[in-house]
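Residue numbers (our numbering): 68 to 346.
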């Protein structure tokens, strides 16, 4: 069963699903960039508020990369144990929470600790996002789709520069936290990684995710037409029809144009696209 799921992922042509998947990841990278890059524009405000020395500012600049080391080590140990999507949701939510607390810091020491904690959560979520995104992609065309994600970083940095010119340092940190909180909600609605589900032995859930991928690959018009084809096929015969016409429908329906396009196992997009468990 695992082979047919992997084959289905590899066989889905680059199209609507992958473009939507890429757009979501570009938005994620913009949010990650906003969180990291905003610190570069608050040094003067911090120095004026707390009369900081050059060493103090150096400690603040080091807090984020130090936290990233902790988060990266945690992701290496925990991602395969708990799954990608739980790490995405929890990591971005924790980073948003720590960032909001940092924006309200009464003392510089508290700001340092909270910025480091935010960075650890940020790095954990970003590592999970990288693995999760790639596990939906086929081998052919994977390189360009991964490279295109980097578009989001300069976008996020541009947003940080624009906000820094208009907001106080506390409001800037709070804005980056709000972006991460929205990102957490976006990932909560996203499907689990089918390759991770396979590795965890959850084959039925992996198949459900792949069916959802194939459904998303269809345009809204294609999905509507397919639903009409299904209704027409399952509609009971008229009572006035002859006994031959009132025979029960065959247990298997004829292939639709979409099944011919995507294959019998994955072309049936009439199933409800449900979210599956963590993964």
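Think of the CB as a built atom: it goes at the ideal place given N, C-alpha and C, for glycine as much as any other residue.
If you count every other CB in all the chains shown that lies within 10 Å of the CB of residue i, and 16 or more means buried, which is it?
i, result
"residue 148", "exposed"
"residue 258", "buried"
"residue 77", "exposed"
"residue 244", "buried"
"residue 231", "buried"
"residue 214", "exposed"
"residue 158", "buried"
"residue 351", "With the chain covering 68 to 346 only, the question about residue 351 has no answer from this structure."
"residue 134", "buried"
"residue 79", "buried"
"residue 235", "exposed"
"residue 129", "exposed"
"residue 100", "buried"
"residue 155", "buried"
"residue 287", "exposed"
"residue 115", "exposed"
"residue 177", "exposed"
Go through its chain and collect everything with a Cβ distance to residue i's Cβ below 8 angstroms, but skip five positions before and after it.
i, result
"residue 209", "201"
"residue 146", "154, 194, 195 and 198"
"residue 265", "69, 72, 73 and 273"
For residue i, I'd like the list of residues in its chain whose CB is within less than 6 angstroms of its CB, leaving aside the five on either flank, ordered along the chain.
i, result
"residue 23", "Not covered by the structure: residue 23. The range shown for the chain is 68 to 346."
"residue 242", "230"
"residue 168", "181"
"residue 262", "202"
"residue 237", "170"
"residue 254", "155 and 156"
"residue 95", "196 and 250"
Can residue i and residue j be called in contact, C-beta distance under 8 angstroms?
i, j, result
"residue 284", "residue 84", "yes"
"residue 72", "residue 274", "yes"
"residue 179", "residue 127", "yes"
"residue 121", "residue 248", "no"
"residue 89", "residue 216", "yes"
"residue 260", "residue 199", "yes"
"residue 143", "residue 102", "no"
"residue 227", "residue 104", "yes"
Can you list, in chain order, the residues of its chain whose CB lies under 7 angstroms from that of residue i, leaving out five sequence neighbours each side?
i, result
"residue 119", "113 and 175"
"residue 165", "181, 184, 185 and 188"
"residue 106", "131"
"residue 82", "284"
"residue 87", "283"
I want to see whether chain B comes within less than 8 angstroms of residue i, judged by CB atoms only; does it?
i, result
"residue 87", "Here there is only one protein chain, and chain B is not present."
**Request:** Determine contact between the stretch 108-116 and the stretch 179-198, defined as no fewer than three beta-carbon pairs at a distance below 8 angstroms.
**Result:** Touching, no, given that fewer than three Cβ pairs across the two stretches are closer than 8 angstroms.
**Prompt:** Would you call the stretch 134-144 and the stretch 183-191 touching, i.e. three or more CB-CB distances under 8 angstroms?
**Reply:** Proximity of the stretch 134-144 to the stretch 183-191 meets the contact definition, three or more beta-carbon pairs being nearer than 8 angstroms.
**Asked** Do three or more CB pairs link the stretch 168-183 to the stretch 150-157 at distances below 8 angstroms?
**Response** Short answer: they don't touch.
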